[in-house]
Amino acid sequence: MRTFVFFCLLLTCRSYAQFSWHLQNSGVTVHLNSTCFTSKTVGWVAGDQGAILHTTDAGMNWILQNSNEINDLNGITFFDNTTGWCVGDNGVILKTHDGGTSWQALSSGVTNNLYSISCSYLDPNILWACGDATILFSSDGGSSWTQQFNLPNSVVLYSIEALNSNEAWTVGEQGVALHTVDSGVNWVIHTTLFADDYFDVNMFNGSYGWMVGDNGKINNTVDGGTWLPQTSNTTEHMHAISFYDTLNAVIVGHNGTLLQTSDGGFNWNIQSFPSPENLNDVIFFDDSTAVVVADNGKIYRSPGNVPQNSPDTTAIDDRNQIGDYNLITPNGDGRNDLLYLNLKNEPENIFILYNRLGVEVHRIINYDNNLVVWDGTDKNGRPLCSSTYFYVFKIPEIGFVKSDWVELIR
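Be aware that the sequence shown starts at 477, since it is given in our numbering, and climbs by one per residue.
Listed below in structure tokens is the structure:
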């Protein structure tokens, strides 16, 4: 018991994430603009001159896929390991049904440059894309598109985020932030206090999220509507933000700028980065694992290293850890069928599981790794689909709270 309490104390005083960045061989020299991962090992990158790269080993090796496209590709998203989309200059939209082995050109109906695309995590038929004075919507997986909301020609939207089949956010130039809760029939303008350009919006759920942009601007909302500025301690342009819970996030931007917070943005720490290139997108998996894509074909990977104070935490075991990521495969073969936590002789506890939208899907009281344990089902006992889930584990008696993530594969 003393070991566990000591571990809790160490958690409260642990400093920011400790990344160990390694340059990977992308095989290209064009600017890389966007990245998307469906798990900690499987991901894609989109870049200039039609470049699409694919990895199946957490970014160690990258394969150039044939997009049959020469326009710059600015945004990429995947629903699962097989179905994904890219958008680019001159209204380009591409789709794959086989993980990128082949890409099909779709008709967007516009010639505007498109910068971002997002699909509903619940329905691969629901898609939004945005760009130069443009919001596009599809309800059939991209086969057809309709334009939504009349924007001035001078307004560019750089990022769009679909939360579900009805709700989405988009941000862009001149401090524009738009929100819909009715599949885009109506878009509501939200005030951001600053007229700077915003390049990325990322929502943890319908209430909590960030947007980042010019001159070090960071805005945060905790109620899904009121955006308040946070202090970044930099004037560099911020290009993208990624988080793995509501406290821990990473921002990347111009001139090798990388910021990290472990307290929900009350404090942002400028971290050293081994390159002066513009960093264009980031995927943040946990407190030492991330992938960053940059100009000039650069991809940087932090594969996960030992956090500070780790010598004192070796008594904490995780029987569910495979390689460097959490995995549950409930297929009945006796291996990783259950999510094991370190719970030996612990007091009463609460385990809460969330999907990628931040929606609670399961809650377990007095988790014991035996009869009371998560087996890949929801609160009604129905099997959950393969995806990444987030959980919060609480021990109220000693005030302990831990958040982490787990990948479910069927």
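By construction, the Cβ of each residue, glycine as well, lies at the ideal position given by its N, Cα and C atoms.
If you draw a straight line from the alpha carbon of residue i to that of residue j, how long is it in whole angstroms?
i: GLU649; j: LEU755; result: 19 angstroms
i: VAL835; j: TRP645; result: 17 angstroms
i: HIS838; j: LEU847; result: 16 angstroms
i: GLY701; j: THR656; result: 11 angstroms
i: GLY607; j: LEU598; result: 24 angstroms
i: TRP850; j: ALA716; result: 33 angstroms
i: SER496; j: SER764; result: 7 angstroms
i: TYR684; j: ASP533; result: 31 angstroms
i: VAL767; j: GLY519; result: 10 angstroms
i: ASP556; j: TRP744; result: 32 angstroms
i: LEU723; j: LEU540; result: 35 angstroms
i: ILE840; j: GLY503; result: 46 angstroms
i: ASP809; j: LEU669; result: 55 angstroms
i: ASN588; j: PHE625; result: 15 angstroms
i: TRP703; j: ARG811; result: 45 angstroms
i: SER635; j: TYR591; result: 7 angstroms
i: PRO779; j: GLY740; result: 23 angstroms
i: LEU654; j: ILE874; result: 42 angstroms
i: PRO750; j: PHE513; result: 23 angstroms
i: THR864; j: ILE804; result: 10 angstroms
i: PHE900; j: SER515; result: Past the boundaries of the shown model lies residue 900; the chain is included only from 477 to 886, so the question cannot be answered.
i: TYR867; j: ASP548; result: 38 angstroms
i: LEU735; j: GLY523; result: 23 angstroms
i: SER879; j: ALA581; result: 40 angstroms
i: ASN709; j: MET687; result: 16 angstroms
i: ILE593; j: ILE759; result: 16 angstroms
i: ASP574; j: THR559; result: 6 angstroms
i: VAL698; j: VAL506; result: 37 angstroms
i: VAL647; j: VAL664; result: 12 angstroms
i: GLY526; j: LEU570; result: 10 angstroms
i: ILE602; j: TRP561; result: 12 angstroms
i: LEU807; j: ASN831; result: Strictly speaking, residue 807 in this sequence is Asn, with Leu absent from that position. Using only the alpha carbons, I get a separation of about 20 angstroms.
i: ILE792; j: ASP813; result: The pLDDT assigned to ILE792 is 25, lower than 50, so where the model puts this residue is not dependable, and the model offers no usable value.
i: THR737; j: ILE694; result: 12 angstroms
Please identify the residue among the options whose C-alpha is closest to the C-alpha of residue i.
i: GLN747; options: ALA644, VAL728 and GLU753; result: VAL728
i: ASP844; options: ASN831, GLY740 and GLU824; result: GLU824
i: MET714; options: ASN691, VAL664, VAL698 and ASN696; result: ASN691
i: PHE680; options: ALA725, VAL652 and PRO872; result: ALA725
i: GLU545; options: PHE513, TRP579 and THR517; result: TRP579
i: ASN662; options: ASP672, ALA671, TYR674 and GLU643; result: GLU643
i: VAL586; options: HIS573, LEU603, ASP574 and GLY564; result: GLY564
i: PRO859; options: ASP880, PRO600 and ARG886; result: ARG886
i: LEU817; options: GLY857, TRP881, PHE760 and ASN772; result: TRP881
i: ASN856; options: VAL664, LEU829, CYS562 and SER879; result: LEU829
i: LEU815; options: ASN831, GLU883 and LYS774; result: GLU883
i: ASP721; options: THR711, ASP762, THR853 and GLU712; result: ASP762
i: SER718; options: GLU753, VAL769 and ASN731; result: VAL769
i: THR517; options: GLY526, PHE827, ASN537 and HIS498; result: ASN537
i: SER615; options: SER659, LEU627 and GLY689; result: SER659
i: ASP673; options: ILE826, GLY651, THR667 and HIS666; result: GLY651
i: PRO705; options: GLY732, THR667 and HIS530; result: THR667
i: ASN842; options: PHE742, PRO872, THR853 and CYS861; result: PRO872
Measure how close the beta-carbons of residue i and residue j come, nearest whole angstrom, since I'm counting them as under 8 angstroms.
i: GLN500; j: ARG777; result: 5 angstroms
i: THR622; j: CYS595; result: So it is not a contact: roughly 16 angstroms between Cβ atoms.
i: ASN509; j: ASP757; result: 7 angstroms
i: ASN629; j: ALA609; result: 5 angstroms
i: ILE611; j: LEU633; result: 7 angstroms
i: ILE528; j: GLY567; result: ILE528 to GLY567, Cβ: 17 angstroms. No contact.
Which of the three DSSP states is assigned to residue i in this structure?
i: GLY560; result: strand
i: ASP673; result: coil
i: GLN525; result: helix
i: ILE828; result: strand
i: PRO859; result: strand
i: GLU712; result: coil
i: GLU883; result: strand
i: ILE546; result: coil
i: HIS507; result: coil
i: GLY689; result: strand
i: ASN678; result: strand
i: HIS573; result: coil
i: GLY519; result: strand
i: ASN731; result: helix
i: PRO705; result: strand
i: ASN812; result: coil
i: GLY567; result: helix
i: SER496; result: coil
Tell me whether residue i counts as near the ligand NAP, meaning its Cβ is closer than 8 angstroms to at least one heavy atom of that ligand.
i: SER751; result: Among the components modelled here there is no ligand, and therefore nothing to report on the ligand NAP.
Whole runs of the alpha helix (DSSP H) within the segment 590-667, excluding any shorter than 4 residues:
The alpha helix (DSSP H) runs lying completely inside the segment 590-667 and spanning 4 residues or more number zero.
Which runs of the beta strand (DSSP E) fall wholly inside the segment 754-780 and span at least 3 residues, in chain order?
The segment 754-780 contains these whole beta strand (DSSP E) runs: 755-762, 765-770 and 775-779.
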